[in-house]
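According to numbering that gives the first Met the number 0, the sequence shown is numbered sequentially starting from 0. Here is the structure we will look at, set down as structure tokens.
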Amino acid sequence: MGIVNATPDSFYDGGRHHDTGAAVAHAATLLEEGADILDIGGESTRPGATEVPARDEIARTVPVIRALRAQFPALPLSIDTRKSAVARAALDAGANIVNDVSALQFDPALADAAAASGAGLILNHMRGEPGNMQNSPRFDDLWSEIRDELGAAVRTAEERGVAPEAICLDPGIGFGKRFRDNLLLIRDHYELRSLGFPILLGPSRKRFLGRILDTEADDRLEGTIAACVAGVLNGADIVRVHDVKAVRRAIRVAEAIHQAKE
Numbered sequence: 000m001g002i003v004n005a006t007p008d009s010f011y012d013g014g015r016h017h018d019t020g021a022a023v024a025h026a027a028t029l030l031e032e033g034a035d036i037l038d039i040g041g042e043s044t045r046p047g048a049t050e051v052p053a054r055d056e057i058a059r060t061v062p063v064i065r066a067l068r069a070q071f072p073a074l075p076l077s078i079d080t081r082k083s084a085v086a087r088a089a090l091d092a093g094a095n096i097v098n099d100v101s102a103l104q105f106d107p108a109l110a111d112a113a114a115a116s117g118a119g120l121i122l123n124h125m126r127g128e129p130g131n132m133q134n135s136p137r138f139d140d141l142w143s144e145i146r147d148e149l150g151a152a153v154r155t156a157e158e159r160g161v162a163p164e165a166i167c168l169d170p171g172i173g174f175g176k177r178f179r180d181n182l183l184l185i186r187d188h189y190e191l192r193s194l195g196f197p198i199l200l201g202p203s204r205k206r207f208l209g210r211i212l213d214t215e216a217d218d219r220l221e222g223t224i225a226a227c228v229a230g231v232l233n234g235a236d237i238v239r240v241h242d243v244k245a246v247r248r249a250i251r252v253a254e255a256i257h258q259a260k261e
């Protein structure tokens, strides 16, 4: 899954693809690099970010989605939003997946929008909101609590009409997690398999990598590659990344080694 941030303030590439033409051009590059899915977002959800009005999210993302749908009719397109109004507008414009970082906590009606259009729904684990999620996060039992909270989100989605086969789970690297938690999410995410859904991981260029490498976001490519390879070898179905070509190549090599037979 390639990331297309149509935002002025995302933690890594905010502002680079803020206008429609730049976002569409970047999306085309990600596809050339081997992206299978594109995730288009109009609101930064980095730690400390403030909420963006729905109308602004729509103005940033819908023209990009329309242009991409016209150019790539069969391409899986995801809208990265917490808001049902944005989801509906994006789905009407041609998106067919909704990626909700709040797992329906912010706006449960988002599930209604996904259900009505038959869209896929990614449920990302987060406590609080981007503005406060990193204020002293705590878990007594990391995986038990994440399973319980994502399980509750799944039940909400299904009660509102989302088909089970449309659901994907993301344990939420960097979303209200401590440093060690993020490492465990990559290593042990098989702990979510009991819920019965595909798993997405999103470690790309995040702060925990900077802590390990002592680097800023623009110098975390190697860390991103290592985290994605580790995640996929541990069973992740999708990785959400800024750097599609490098990550895809590394995964291909790692999988070839892992699957080699004598």
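Cβ atoms here follow ideal geometry from the backbone N, Cα and C, with glycine treated the same way.
Residue i by DSSP, collapsed to three states: which one?
i	result
GLY262	Since the first residue shown for the chain is 0 and the last is 261, residue 262 is missing from the structure and cannot be characterised.
ILE121	strand
GLY20	helix
ALA48	coil
GLU31	helix
SER116	helix
ARG126	coil
Quick one: measure Cβ to Cβ for residue i and residue j, integer angstroms, because I've assumed they're closer than 8 angstroms.
i	j	result
ILE121	GLY93	That pair is no contact at about 17 angstroms.
VAL228	ILE250	6 angstroms
SER83	ALA112	5 angstroms
GLU190	ARG137	Contact doesn't hold; Cβ gap of about 18 angstroms is too wide.
Along the chain, where does the alpha helix (DSSP H) that runs through residue i open and close?
i	result
LEU182	178-186
Locate the beta strand (DSSP E) running through residue i, then write down its first and last residues.
i	result
ILE39	37-40
Would residue i pass as a contact of residue j if the rule is Cβ separation under 8 angstroms?
i	j	result
GLY230	VAL238	yes
ILE78	ILE39	yes
THR60	ALA110	no
ARG177	GLU32	no
LEU194	VAL153	yes
LEU149	HIS124	yes
- Message: Runs of 3 residues minimum, wholly inside the region 56-112: which ones carry the beta strand (DSSP E) assignment?
- Response: 76-79, 96-99
- Within the region 134-172, note down every full beta strand (DSSP E) run reaching 3 residues or more, in order along the chain. 166-169
- Task: With a floor of 4 residues, list each alpha helix (DSSP H) that falls wholly inside the region 185-258, ordered by position along the chain.
- Result: 206-212, 220-232, 243-258
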